[in-house]
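*Asks:* Note that UniProt numbering has the sequence shown beginning at 1, numbered continuously upward.
Note that CB positions come from ideal geometry on N, CA and C, so glycine has one too.
The model shown is predicted, which means the values in this text are computed figures rather than measured ones.
Quick one: the structure is below, questions incoming.
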Amino acid sequence: MPLKRPPQKTGVLATWTYVALTGAVAAQETESTPPARALVLSPIEVTAQHRNEDAHDVPISMVVIDGAEVEDKGLEDLSDALNGVPNVLLRSDTGMLGFSTITIRGVGNQGGGMAGGDQAIGMYLDDVYVGAQAGMNPPLYDMERIEVLRGPQGTLYGRNTMGGAINLLTASPTPETALSGEASYGSFEAYSLSGMANGLIARGEDTTLSARLSAQQAGRGPTVDNSVDDDLGDYESTSVRAQTRLTSSILDAVLRADYTEQDGTVFAYSDFATAPNRHAAIDEPFSYDTQNFGVSLNGKASLGDLTLHSISAWRGTHVLYEGGDWNAITSLRQGSEWTQRQFSQEFRLASPDDTRLRWTTGLFFLHNHEVERNYYGHRAGTAALWGVYANGEKEESRSHTTTNSQAVFADGTYGVTRWFDVTVGGRLTHDVKDTHYTHFSQIGMAPAQTLDDTIEGFDFSPKFTLTLKATDDVHFYGSVSRGYKSGGFNRQFAPTTKLDFDPEHTWTYEVGTKSRFLEDRVQVNAAFFFTDWYDQQVTTWKGTYNDISNVPHSQSYGTELDVAARVTRALTLGGSFAWNEATFLDFPNPTATVASGNGFRQPNAPRFTYSLNAEYVSPVRELLPVDSGLDVMARADYSHRSTYYYDATNQLKEPGYGLLNLRAGLLGDGWQVEGFVKNVTDEGYRVQAIQYFGRDLAIAGDPRTFGLRLKLEL
Numbered sequence: 001m002p003l004k005r006p007p008q009k010t011g012v013l014a015t016w017t018y019v020a021l022t023g024a025v026a027a028q029e030t031e032s033t034p035p036a037r038a039l040v041l042s043p044i045e046v047t048a049q050h051r052n053e054d055a056h057d058v059p060i061s062m063v064v065i066d067g068a069e070v071e072d073k074g075l076e077d078l079s080d081a082l083n084g085v086p087n088v089l090l091r092s093d094t095g096m097l098g099f100s101t102i103t104i105r106g107v108g109n110q111g112g113g114m115a116g117g118d119q120a121i122g123m124y125l126d127d128v129y130v131g132a133q134a135g136m137n138p139p140l141y142d143m144e145r146i147e148v149l150r151g152p153q154g155t156l157y158g159r160n161t162m163g164g165a166i167n168l169l170t171a172s173p174t175p176e177t178a179l180s181g182e183a184s185y186g187s188f189e190a191y192s193l194s195g196m197a198n199g200l201i202a203r204g205e206d207t208t209l210s211a212r213l214s215a216q217q218a219g220r221g222p223t224v225d226n227s228v229d230d231d232l233g234d235y236e237s238t239s240v241r242a243q244t245r246l247t248s249s250i251l252d253a254v255l256r257a258d259y260t261e262q263d264g265t266v267f268a269y270s271d272f273a274t275a276p277n278r279h280a281a282i283d284e285p286f287s288y289d290t291q292n293f294g295v296s297l298n299g300k301a302s303l304g305d306l307t308l309h310s311i312s313a314w315r316g317t318h319v320l321y322e323g324g325d326w327n328a329i330t331s332l333r334q335g336s337e338w339t340q341r342q343f344s345q346e347f348r349l350a351s352p353d354d355t356r357l358r359w360t361t362g363l364f365f366l367h368n369h370e371v372e373r374n375y376y377g378h379r380a381g382t383a384a385l386w387g388v389y390a391n392g393e394k395e396e397s398r399s400h401t402t403t404n405s406q407a408v409f410a411d412g413t414y415g416v417t418r419w420f421d422v423t424v425g426g427r428l429t430h431d432v433k434d435t436h437y438t439h440f441s442q443i444g445m446a447p448a449q450t451l452d453d454t455i456e457g458f459d460f461s462p463k464f465t466l467t468l469k470a471t472d473d474v475h476f477y478g479s480v481s482r483g484y485k486s487g488g489f490n491r492q493f494a495p496t497t498k499l500d501f502d503p504e505h506t507w508t509y510e511v512g513t514k515s516r517f518l519e520d521r522v523q524v525n526a527a528f529f530f531t532d533w534y535d536q537q538v539t540t541w542k543g544t545y546n547d548i549s550n551v552p553h554s555q556s557y558g559t560e561l562d563v564a565a566r567v568t569r570a571l572t573l574g575g576s577f578a579w580n581e582a583t584f585l586d587f588p589n590p591t592a593t594v595a596s597g598n599g600f601r602q603p604n605a606p607r608f609t610y611s612l613n614a615e616y617v618s619p620v621r622e623l624l625p626v627d628s629g630l631d632v633m634a635r636a637d638y639s640h641r642s643t644y645y646y647d648a649t650n651q652l653k654e655p656g657y658g659l660l661n662l663r664a665g666l667l668g669d670g671w672q673v674e675g676f677v678k679n680v681t682d683e684g685y686r687v688q689a690i691q692y693f694g695r696d697l698a699i700a701g702d703p704r705t706f707g708l709r710l711k712l713e714l
């Protein structure tokens with residue numbers, strides 16, 4: 001694929017007023033331009049409802065970022081990609097493979113790390129459910145697209161999609177021969193090298209066998225000054241992905257294998273108040289080493305008019321991090337190790353896409369096993385500092401947890417008329433979780449005990465949607481859906497013999513519109529939602545441990561607006577705006593000294609988020625009297641979040657901040673070179689924060705960085 005191309009449709013949109021945009025576009029209609037195709041926003045095909053559809057026709061509030069946009073924006077990981085998506089926030093402890101939490105519309109997990117519960121946002125890699133919290137911020141390379149679905153997706157996606165789902169779809173093998181390579185270098189010795197090879201292996205009368213291999217090596221030096229020991233914030237990351245694809249008139253099957261490893265000292269907590277200055281005083285920096293890997297077989301077979309889809313997958317994760325106590329005094333060593341393995345199998349049977357009744361039904365099974373170890377240990381000098389503990393004394397928790405989940409689901413859309421559709425769906429889930437927990441105590445931070453616990457339950461999650469197509473270009477929809485997240489166990493320093501906490505669920509009511517104007521040159525998407533939240537699983541710091549318990553009632557409501565416009569064949573504008581009121585309604589005794597948390601804001605839920613973006617791509621000859629055959633490209637992306645809190649008790653407050661990124665370069669036939677600046681204004685901000693033994697700690701966001709990027713394609 002040649003690198004020279006017209007600017008692509010943006011995946012995030014903005015608060016530019018509709019009148020201003022349409023006026024600007026209309027003013028350009030009289031220009032002498034190439035064929036009209038260059039003046040439209042290209043449609044994007046998605047599989048959000050497990051069938052191929054134009055995103056405009058899907059009655060879900062969603063944002064789609066295609067592979068070209070991932071490259072054009074220089075998105076390195078999922079955290080980068082979600083920065084410009086309204087009402088979405090990703091927090092990560094360490095970096096790409098660190099323990100991450102994603103919040104959509106204020107619904108998400110309340111704490112990072114190995115807390116003992118599942119995610120409230122479903123993550124899917126090439127249709128495979130990713131159950132590991134350490135796998136939710138993967139590197140982005142050789143991507144086809146990213147689909148961000150807001151609101152409960154339980155009918156088609158299942159358990160733990162209470163707040164939404166994120167589909168990461170990598171580029172699949174094709175019969176065409178293609179080679180590409182990319183290199184970048186920038187501030188803090190940051191570098192990235194990646195490559196891709198794709199082509200035909202064998203061809204039969206009715207079959208083709210293709211393969212694709214892609215890999216990336218990336219790293220960075222320290223970004224946080226440490227006055228006591230080595231500086232912090234460096235990492236190295238290696239990732240490889242191999243795929244083979246067999247296609248025929250009745251079969252399309254893809255065998256995939258992937259492996260990603262990252263290590264470094266990105267787990268760089270310092271005092272909360274001064275963290276944005278990117279300075280620390282830590283006696284022993286935390287080191288970490290993480291691996292994510294998996295194998296899957298994804299096949300579709302035609303059975304007459306029906307399609308049978310099978311997804312078999314095995315995935316694993318290993319995380320180890322160890323270090324001091326984020327202090328200048330050598331007194332304490334702590335660490336965690338977490339190993340996770342999962343097997344999942346899904347079968348779907350689907351009707352043809354062109355019938356009046358379109359339906360999908362299926363079965364799902366998941367087996368997940370986790371082994372976790374957490375410890376604190378005192379070292380030389382401890383007795384003088386603490387006064388009561390001997391050197392070498394420690395606390396340690398160990399647990400083995402197994403989850404088995406089965407589900408049956410069905411979803412159908414009936415076209416009552418050409419302009420009116422009714423969708424009804426439901427999913428019945430059965431979960432069983434077992435844990436074996438042991439705590440060894442020499443300090444008394446938690447009771448020494450060995451416990452076994454089991455939780456089991458059923459859930460039925462329905463969804464109802466009405467879609468009205470006022471015209472081919474203007475659609476309205478309304479939906480009611482239930483979200484469900486399974487219960488879990490407190491398996492770190494449990495304070496009592498009761499380990500388990502209950503499931504949580506939501507009811508979400510949503511109305512929205514998806515509209516195109518001026519012959520597909522302007523797109524406006526909007527949604528309003530209201531979520532009732534029951535038995536919310538909330539993490540709070542209890543002095544020496546994190547505790548997960550259920551809060552009776554919470555709610556979240558707000559709006560989302562997305563706008564994009566192809567102003568000229570060279571200029572595309574876009575942006576987004578979101579408002580979210582996410583609060584606790586019934587939150588008794590959030591801390592030992594606070595009797596009620598009613599009215600507290602939900603963690604990780606800014607009241608306002610917005611983004612603006614502009615992309616300009618034009619032949620050089622239109623700017624200069626030089627017929628070079630080259631295109632010039634310039635792009636600006638700005639995202640802003642208002643004030644939000646990191647914790648449920650609203651003690652760790654992040655002031656609002658905005659990030660501006662700029663890129664510019666030249667595009668030739670099969671090559672591209674560009675310069676970039678990220679965080680242009682060198683904004684100081686935090687990306688994670690915790691409470692820790694009377695101290696408030698935080699991890700700083702990346703400073704201003706700049707560099708060069710080169711890409712070649714054959």
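1. Output the distance between the C-alpha atoms of Phe458 and Arg150, rounded to the nearest integer angstrom.
2. Under 6 Å Cβ to Cβ from residue 751, same chain only, skipping five residues before and after it: list those, please.
3. Counting Cβ pairs closer than 8 Å, one from the segment 241–257 and one from the segment 157–168, do we hit at least three?
4. The alpha helix (DSSP H) with Glu69 in it runs from where to where?
5. Nearest to Thr643 by CA position, among Gly425, Gln602, Phe676, is which residue?
6. Mind checking who Ile455 pairs with in its DSSP beta bridge?
7. Beta-carbon within less than 6 Å of Ala698's beta-carbon, same chain only, minus the 5 sequence neighbours each way: which residues are those?
8. Use the C-beta contact count for Arg418: other C-beta atoms within 10 angstroms, 16 or more gives buried, fewer gives exposed.
9. Starting from the N-terminal side, write out each stretch of the beta strand (DSSP E) that is 3 residues or longer and does not extend beyond the segment 76–147.
10. Are there 16 or more other CB atoms within 10 angstroms of the CB of Glu182, so buried, or fewer, so exposed?
11. What runs of the beta strand (DSSP E), each 3 residues or longer, lie entirely inside the segment 534–571?
12. Using DSSP with H/G/I as helix, E/B as strand and the rest coil, what is Ala156?
13. Just the C-alpha distance for Ser287 and Gly323, rounded to the nearest angstrom, thanks.
14. Is it the case that the Cβ atoms of Ala527 and Glu581 are separated by a distance below 8 Å?
15. Would you call the segment 185–200 and the segment 151–160 in contact, with 3 or more CB pairs under 8 Å?
16. Would you please state the rounded distance, in angstroms, between the beta carbons of Thr539 and Ala410? I believe it to be under 8 Å.
17. For the beta strand (DSSP E) that contains Glu713, what are its first and last residues?
18. What residue range is occupied by the uninterrupted beta strand (DSSP E) comprising Pro619?
19. Could you pull the start and end residues of the beta strand (DSSP E) that Gly199 belongs to?
20. Grab me the residues of Pro703's own chain with a C-beta within less than 7 Å of its C-beta, minus the 5 sequence neighbours each way, in chain order.
21. For Leu652, which of helix, strand or coil comes out of DSSP?
22. Assuming the contact rule is C-beta atoms closer than 8 Å, Ser310 and Ser296 should be a hit. Round their C-beta distance to whole Å, please.
23. Should Thr497 be labelled buried (16 or more other beta-carbon atoms within 10 Å of its own) or exposed?
24. Within a Cβ cutoff of 6 Å, which residues of the same chain sit near Asp54, ignoring the five residues on either side of it in sequence?
25. How many Å lie between Ser32 and Leu571 at the Cα?
26. Short of 6 Å in beta carbon distance, which residues of its chain neighbour Ala636, apart from the five on each side in sequence? Order them along the chain.
27. Could you pull out every residue in the same chain whose Cβ sits closer than 6 Å to the Cβ of Thr413, ignoring the five residues on either side in sequence?
28. Below 8 Å CB to CB, which residues in the same chain sit around His475 once its five sequence neighbours on both sides are set aside?
29. Sorted by chain position, which residues of the same chain lie with C-beta nearer than 8 Å to Ala578's C-beta, five sequence neighbours on each side aside?
30. Starting from the Cα of Ser227, find the closest Cα among Tyr259, Gly221, Ala280 and give me that residue.
31. Once DSSP output is grouped into helix, strand and coil, what is the label at Thr33?
32. Helix, strand or coil for Asp421 per DSSP?
33. Look up Val224 in the DSSP assignment and give the residues it is bridged to.
34. Could you check what DSSP says for Ser42 in three-state terms: helix, strand or coil?
35. Helix, strand or coil: which one does DSSP assign to Pro352?
36. Do Glu337 and Arg373 have their CB atoms nearer than 8 Å?
*Replies:* This is what the structure gives:
1. Cα to Cα, the separation comes out at about 24 Å.
2. Nothing about residue 751 can be read from this structure; the chain reaches only from 1 to 714.
3. Segments in contact, no.
4. Start and end: 67–73.
5. Thr643 has its Cα closest to that of Gln602, out of Gly425, Gln602, Phe676.
6. In the DSSP secondary-structure assignment, Ile455 is bridged to Lys433.
7. Correct list, in chain order: Phe272, Ala275, Arg686, Ala689.
8. Answer is exposed; the Cβ neighbour count stays below 16.
9. Unbroken beta strand (DSSP E) runs of no fewer than 3 residues, entirely contained in the segment 76–147, are found at 88–92, 100–104, 121–125, following chain order.
10. Glu182 comes out buried.
11. Counting whole runs of 3 or more residues, the segment 534–571 contains the beta strand (DSSP E) stretches 546–566.
12. The displayed chain sequence assigns Leu, not Ala, to residue 156. Shown here, Leu156 sits in a helix according to DSSP, grouped into three states.
13. Each residue's Cα considered, the two are about 6 Å apart.
14. No, the Cβ-Cβ distance between Ala527 and Glu581 is not below 8 Å.
15. At 8 Å Cβ cutoff, the stretches do not touch.
16. Distance from Thr539 to Ala410 at the Cβ level is roughly 35 Å; contact not present, criterion being Cβ atoms closer than 8 Å.
17. Element bounds for Glu713: 705–713.
18. First-last of the beta strand (DSSP E) with Pro619: 608–619.
19. Segment 190–203, the beta strand (DSSP E) holding Gly199.
20. Scanning its chain for C-beta atoms nearer than 7 Å, with the 5 sequence neighbours on each side dropped, one finds around Pro703 the residues Thr223, Arg278, Asn679, Asp682, in chain order.
21. Coil at Leu652, not helix or strand.
22. Contact between Ser310 and Ser296 does not hold, since their C-beta atoms are separated by about 11 Å, which reaches or exceeds 8 Å.
23. Under a 10 Å Cβ-count criterion, Thr497 is classified as exposed, with fewer than 16 other Cβ atoms of the shown protein chains found around its own Cβ.
24. The beta carbon of Asp54 lies closer than 6 Å to those of Pro43 in the same chain, with the five residues before and after it left out.
25. Any answer about Ser32 is weak, because its pLDDT of 39 lies below 50 and its placement is not dependable; what the coordinates show is given next. The C-alpha of Leu571 is placed about 15 Å away from the C-alpha of Ser32.
26. Sequence-distant Cβ neighbours of Ala636 in its own chain, meaning closer than 6 Å and more than five residues away, are Ala614, Leu662.
27. Scanning its chain for C-beta atoms nearer than 6 Å, with the 5 sequence neighbours on each side dropped, one finds around Thr413 the residues Arg358, Asp421, Thr423, in chain order.
28. Closer than 8 Å at the Cβ level, and outside the excluded window around His475, lie His56, Asp57, Pro59, Thr467, Leu468, Lys469, Thr513, Lys514, Ser515.
29. Within the same chain, Cβ atoms closer than 8 Å to the Cβ of Ala578 are found at Pro86, Asn87, Gly558, Thr559, Glu560, Leu561, Phe608, Thr609, Tyr610, the five residues on either side in sequence being excluded.
30. Answer by Cα proximity: Ala280.
31. Caution applies to Thr33, whose pLDDT of 38 falls short of 50 and renders its modelled position unreliable; the value that the coordinates give is listed next. In the structure shown, Thr33 sits in coil (DSSP, three-state: anything other than H, G, I, E or B).
32. Strand.
33. DSSP links Val224 through a beta bridge to Leu232.
34. Coil at Ser42, not helix or strand.
35. Here Pro352 sits in coil by DSSP.
36. Between Glu337 and Arg373, the C-beta spacing is below 8 Å.
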